[in-house]
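*Asks:* Sharing a structure below in structure tokens format, with a few things to ask.
In the numbering used here, the protein residues as written are 3 to 313.
Structure follows, in structure tokens:
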């Protein structure tokens, strides 16, 4: 064996090692800004919130010293009936919004995925509410919900020939949360629609061609090709929609302020009112920690259940 044959593999190995080290440094440098920003704006605030939740810190500094109270804030929250009411309300909202919003987004995506004329224009129009400020949407829908002579009540009265009495959409405890569900689903379904469209476009056309050759009809192609191809999309949409639903606040703050009779009180509205109106920052921080843990557990359970059912 010559000297050249002996040295060359070692040189190649060192060169490959340098390339690997350079690639690793490049990857770390590309990830570092995102990791730093997530740490500053997510991890550190959560740790500070957890610490604040263990104190009696007010929103505005007072002459009285801040005391460490341990888990007293959490115990007070669990003894507060209004907290359990708000948790029930936001759970009920989530249970309603998932089929309404996700179903509407899925159906719209299926329709706009077809080769229709002006489909790009319709995609933009259907996505428009998702980029419209929720405050503006609430003002518009508040006008539609007006009692007793709002547009919705006029339409219902016209279609029923006056047999159905006007509905107090936002003032009746039986209708207030349902009204917010309709408003929220209409405003946000455009985002899920875009996600579903991306998922549909990721399914290879060859699978549909093979299904047609095998004699599959439209429903069979949908059930055996489209639905399996959208499994990751379904998981993403379900988890994201659940997280957003538990953060319900703006609609309640503008339209109902938690009423009537606390029928639309939500955990975030309860937290904001405790922190800013009652100026109990430590108490509100404890609510935020509890909400974070609830959403985390629900998201993990959803992933496990969907994985168990091979979704």
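Glycine included, C-beta positions come from ideal geometry on N, C-alpha and C.
How many Å lie between residue 80 and residue 164 at the Cα?
*Replies:* Answer to the nearest angstrom: the Cα atoms are 47 Å apart.
*Asks:* Considering only residues of the segment 79-159, which uninterrupted beta strand (DSSP E) runs meet the minimum length of 3 residues and lie entirely inside it, listed in chain order?
*Replies:* For the segment 79-159, not a single whole beta strand (DSSP E) run of length 3 or above is found.
*Asks:* Give me, in chain order, the residues of the same chain whose beta-carbon lies closer than 8 Å to that of residue 199; leave out the 5 immediate sequence neighbours on both sides.
*Replies:* Counting only Cβ-Cβ distances below 8 Å, and skipping sequence neighbours, we find 111, 114, 115 and 125.
*Asks:* Restricting to Cα atoms, I'd like to know which of 287, 289, 246 and 260 is closest to residue 97.
*Replies:* Per the Cα distances, 246.
*Asks:* Out of curiosity, what's the CA-to-CA distance linking residue 1 and residue 131?
*Replies:* What is shown of the chain runs 3 to 313, which leaves residue 1 out entirely.
*Asks:* What's the call for residue 286, buried or exposed, on a 16-neighbour Cβ count within 10 Å?
*Replies:* Residue 286 is buried by the Cβ-count criterion.
*Asks:* Residue 187 and residue 102 - do their beta-carbons sit closer together than 8 Å?
*Replies:* Cβ distance < 8 Å, so residue 102 and residue 187 count as in contact.
*Asks:* Spatial neighbours of residue 89 within its chain, please: CB distance less than 8 Å, with the 5 preceding and 5 following residues excluded, ordered by chain position.
*Replies:* 269 and 296, listed in sequence order.
*Asks:* Can the beta-carbon of residue 208 be found less than 8 Å from the beta-carbon of residue 84?
*Replies:* Not in contact: residue 208 and residue 84 (Cβ atoms no closer than 8 Å).
*Asks:* Short of 8 Å in beta carbon distance, which residues of its chain neighbour residue 73, apart from the five on each side in sequence? Order them along the chain.
*Replies:* Closer than 8 Å at the Cβ level, and outside the excluded window around residue 73, lie 56.
*Asks:* If you follow the alpha helix (DSSP H) that residue 251 is part of, which residue opens it and which one closes it?
*Replies:* No alpha helix (DSSP H) holds residue 251; DSSP gives it neither H nor E.
*Asks:* Quick check: what's the CA-CA separation for residue 63 versus residue 78?
*Replies:* Answer to the nearest angstrom: the Cα atoms are 22 Å apart.
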